[in-house]
Amino acid sequence: MVRSMVQPGRGRRHRRLGCRRQAARLRARPPRSGRGRRTARGHAVSLRRRSGAGRPPNGAAPRGARGGVRTGGGGLRKSDRQLVDVRPGRRRMAEGGRLRDGVHAIFDEGGVWNGTEGSLVIRCGMSEVDVTPPLGGEIPGYFGPRTATGVRDPLYAKSLVLESSDGTLAAIVAVDALSVPRETVEAVRQRLKEAAGFDPAHVFVSTTHTHTGGPVSTGFGCTEDPGYLDWLARKAADSALLAYRSRREARIGFGLGREADIAFNRRYFMKDGSFRTNPGVGNPNIDRPAGPIDPDVLVMRIDDAEGRPIGVVSNYACHTDTVGGTEYGADFPGELSRFVKRALGEQAVSLFLLGSCGDINHIDVSGKRAKSPDHYRRMGRILGAEVVRTREKIDVADEADVAALSGTFEVDLRSPPEAELAAAKRLLEEGTDDVREATYARELLKIAAECPVASRTVEVQAMRIGDMALVGFPGEIFVEFGLDVKRKSRFAYTMIDTMCNGSVRAYICTRDAFRQGGYEPRMTFRNRFPEETGERMVGLALELLERLGVGGTR
1 MVRSMVQPGR
11 GRRHRRLGCR
21 RQAARLRARP
31 PRSGRGRRTA
41 RGHAVSLRRR
51 SGAGRPPNGA
61 APRGARGGVR
71 TGGGGLRKSD
81 RQLVDVRPGR
91 RRMAEGGRLR
101 DGVHAIFDEG
111 GVWNGTEGSL
121 VIRCGMSEVD
131 VTPPLGGEIP
141 GYFGPRTATG
151 VRDPLYAKSL
161 VLESSDGTLA
171 AIVAVDALSV
181 PRETVEAVRQ
191 RLKEAAGFDP
201 AHVFVSTTHT
211 HTGGPVSTGF
221 GCTEDPGYLD
231 WLARKAADSA
241 LLAYRSRREA
251 RIGFGLGREA
261 DIAFNRRYFM
271 KDGSFRTNPG
281 VGNPNIDRPA
291 GPIDPDVLVM
301 RIDDAEGRPI
311 GVVSNYACHT
321 DTVGGTEYGA
331 DFPGELSRFV
341 KRALGEQAVS
351 LFLLGSCGDI
361 NHIDVSGKRA
371 KSPDHYRRMG
381 RILGAEVVRT
391 REKIDVADEA
401 DVAALSGTFE
411 VDLRSPPEAE
421 LAAAKRLLEE
431 GTDDVREATY
441 ARELLKIAAE
451 CPVASRTVEV
461 QAMRIGDMAL
471 VGFPGEIFVE
481 FGLDVKRKSR
491 FAYTMIDTMC
501 NGSVRAYICT
511 RDAFRQGGYE
521 PRMTFRNRFP
531 EETGERMVGL
541 ALELLERLGV
551 GGTR
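Residue 1 is where the sequence shown starts when you use full-length UniProt numbering, and the numbers rise one by one after that.
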């Protein structure tokens with residue numbers, strides 16, 4: 001008999017989230033009956049589950065915990081416990097994910113995919129490795145370089161490794177950095193292949209896109225540090241190898257939460273008919289935002305066989321650029337990680353994957369919500385509370401299929417018109433106090449001098465873990481593309497992991513954005529992808545998801 005995570009007849013139950021003397025009250029879901037249910041997206045989901053999944057074999061909670069949340073030691077602060085409390089009237093949603101069999105697929109170097117029999121996950125491992133560079137390095141992300149003078153909080157490379165019953169391996173690696181070159185991704189994949197036999201197509205390497213990270217980019221006058229990039233590749237691979245070596249029998253599940261109050265579309269129509277990106281807080285000429293946000297907080301729960309937390313994977317769409325300054329820092333995902341550790345224990349790894357947020361950031365132009373230098377901490381705690389709350393409502397199982405696919409296509413990059421090149425040259429010759437316009441002028445002349453005509457190979461990845469699909473998109477892709485994939489996906493849960501695989505280090509804008517103009521579609525040395533790129537990426541992603549679903553989806 002399966003032991004339910006919520007005992008029948010109890011509308012609420014206490015979970016201790018800090019000191020034993022204080023408890024946060026969480027609202028439980030109604031008890032379920034039968035082997036199937038409907039998720040928040042309306043998909044019927046089935047579960048093959050062993051007795052006691054989500055609990056130790058005897059049905060008791062782990063020592064010192066209830067429901068996988070710590071009750072002893074430091075735990076959550078009082079303010080954190082209030083965040084986790086689900087109060088009546090708040091618009092929150094969380095549904096537990098369940099798992100089932102499917103197909104396992106592999107990708108070869110020639111870009112051809114094929115499928116084999118499905119396999120069940122039996123072991124997982126997670127790890128985090130400090131990748132904070134020395135002071136004095138450049139911090140990319142703005143117009144012109146910044147020199148690091150301190151460390152606000154450490155930077156990490158974090159990994160989740162999954163191993164199926166037939167020995168198939170998959171890895172998800174997330175690095176606290178603005179971006180990483182394709183060569184760095186390939187170095188990580190190669191090391192994992194040589195050291196542990198990972199198929200390169202089964203390795204996702206992405207970044208959190210923090211704008212207070214190490215010297216990894218040459219954009220806008222910044223300089224990459226080859227030594228740091230080589231070291232970063234080794235440390236990122238170390239993170240995955242440590243996760244691989246720590247893998248053990250695990251129980252996993254998925255859930256969907258919601259947070260709609262900390263992210264905003266940053267592109268706006270103005271009352272005078274013009275269009276602006278980031279028009280400023282309190283600007284009276286703002287008419288309306290040009291696009292939506294994605295409020296989904298997707299959570300993957302990973303526990304060991306005794307029900308102790310190994311960690312969580314979370315996915316949310318908002319630019320990680322809330323801090324600024326000249327100190328290294330992980331931005332709000334770093335505070336999210338600290339919140340999770342206070343709730344679940346220091347051993348728990350919080351791996352954050354950045355959703356589709358090329359046109360999404362944290363700035364509320366209405367000015368209704370006060371901002372402060374520590375706004376990123378507030379964001380991290382709000383998001384952390386939703387992750388912990390969602391995790392607590394997730395049913396876990398010790399069997400799931402794993403599948404991975406990858407595909408590529410070629411695109412011809414845009415080139416600047418001769419008139420724009422002439423204007424850029426004239427601007428620099430005459431001189432200007434406008435640093436931004438001078439930077440754009442140098443970027444255009446760099447294109448003409450170094451690569452006037454060029455093409456790029458774009459890689460899109462997809463992974464299936466039970467009823468959850470993970471899509472790996474390169475670049476800063478607009479939210480509309482991620483929402484489109486989620487709407488059309490047949491999986492109960494679909495995570496969008498951006499800044500993935502290093503094949504694109506630029507904005508991927510909608511056709512509307514190209515017509516409207518603004519910051520994101522404006523041409524630079526790297527930002528040259530044509531307007532159809534995003535649609536092709538979505539099309540390839542949906543094709544990969546369709547292939548992943550063969551034999552296993554509804």
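Cβ coordinates follow ideal geometry from the N, Cα and C atoms, glycine included. This structure is a prediction, so every number in the text was calculated from the model and none was measured.
Minimum C-alpha distance to residue i - residue among the options
i: R182; options: A317, D321, E459, C357; result: E459
i: N285; options: A250, T149, G273, C124; result: G273
i: D484; options: L178, T184, D294; result: D294
i: I122; options: G167, T132, M300; result: G167
i: V299; options: A513, V340, L241; result: V340
i: T322; options: P289, A195, R378, L444; result: R378
i: L162; options: R464, T533, R526; result: R464
i: T147; options: Q347, V185, V180, P133; result: P133
i: A385; options: Q347, S372, F332, E418; result: F332
i: E138; options: D225, D153, P200; result: D225
i: L444; options: L178, E531, A422; result: A422
i: L513; options: G253, S217, G291, Y244; result: Rather than Leu, the amino acid found at residue 513 in this sequence is Ala. Minimum Cα distance to A513 is reached at G291.
i: M468; options: Y376, I262, L545; result: L545
i: Y156; options: K235, A506, L229, G367; result: K235
i: D230; options: Q190, D199, E420; result: Q190
i: R304; options: I262, Q347, N278, T320; result: The sequence shown places Asp at residue 304, not Arg. Comparing Cα positions, the closest option is Q347.
i: Y244; options: F198, V281, N278; result: F198
i: I262; options: A462, G367, R342, T277; result: G367
i: I374; options: D80, R152, G136, L135; result: Note that residue 374 is Asp in the sequence shown, not Ile. When each option's Cα is compared against that of D374, the closest is R152.
i: K446; options: E430, Y376, A424; result: A424
i: G282; options: R515, L427, R369, E543; result: R369
i: G324; options: N278, P289, R342, Y376; result: Y376
i: P289; options: D433, R267, G280; result: R267
i: R547; options: R515, A462, R528; result: A462
Cβ separation of residue i and residue j, assumed to be a contact under 8 angstroms, to the nearest whole Å
i: L470; j: M495; result: 5 angstroms
i: A187; j: A233; result: 4 angstroms
i: A400; j: G466; result: 4 angstroms
i: G255; j: R391; result: 7 angstroms
i: V349; j: G311; result: 4 angstroms
i: C451; j: F478; result: That pair is no contact at about 25 angstroms.
i: D398; j: E249; result: 7 angstroms
i: G355; j: G482; result: 6 angstroms
i: V185; j: G475; result: Their Cβ separation, rounded to whole angstroms, is 13 angstroms, which puts V185 and G475 out of contact at 8 angstroms.
i: A448; j: P416; result: 7 angstroms
i: R526; j: R505; result: 5 angstroms
i: G257; j: R342; result: No, G257 and R342 are not in contact; Cβ-Cβ is about 18 angstroms, not under 8 angstroms.
Cβ-Cβ distance between residue i and residue j below 7 angstroms
i: G549; j: R490; result: yes
i: V173; j: S164; result: no
i: G125; j: S246; result: yes
i: D238; j: T208; result: no
i: V387; j: S314; result: yes
i: V297; j: E259; result: yes
i: F275; j: G517; result: yes
i: D287; j: F269; result: yes
i: C318; j: I363; result: no
i: V396; j: G253; result: yes
i: A195; j: L241; result: yes
i: L353; j: D497; result: yes
i: L178; j: S217; result: yes
i: Y493; j: G358; result: no
i: I394; j: R301; result: yes
i: R511; j: E480; result: no
Any non-hydrogen atom of the ligand GDP within 6 angstroms of residue i CB
i: T524; result: This structure does not include the ligand GDP; it has no bound ligands of any sort.
Chain C within 7 angstroms of residue i, Cβ atoms only
i: T524; result: Here there is only one protein chain, and chain C is not present.
query = So, do the stretch 328 to 335 and the stretch 212 to 224 have three or more beta carbon pairs nearer to each other than 8 angstroms?
reply = yes
Item to check | the stretch 435 to 452 touching the stretch 520 to 529, judged by at least three CB pairs closer than 8 angstroms | outcome: yes
- Would you call the stretch 221 to 230 and the stretch 142 to 155 in contact, with 3 or more CB pairs under 8 angstroms? yes
Starting from the N-terminal side, write out each stretch of the beta strand (DSSP E) that is 3 residues or longer and does not extend beyond the stretch 361 to 431.
402 to 412
If we count Cβ pairs, one from each stretch, closer than 8 angstroms, do we get three or more for the stretch 400 to 410 versus the stretch 196 to 210? yes
Check your understanding: Is it a yes or a no for the stretch 406 to 423 touching the stretch 446 to 458, going by three-plus beta-carbon pairs under 8 angstroms?
Key -> yes
Practice problem: Kindly provide the ranges of any beta strand (DSSP E) runs that are 3 or more residues long and lie completely inside the stretch 219 to 271, ordered along the chain. | Solution: 248 to 258, 267 to 270
Could you name each continuous alpha helix (DSSP H) segment of 4 residues or more that falls completely within the stretch 265 to 351, going from the start of the chain to the end?
332 to 344
Quick one: complete alpha helix (DSSP H) runs, 4+ long, within the stretch 469 to 540?
479 to 488, 511 to 516
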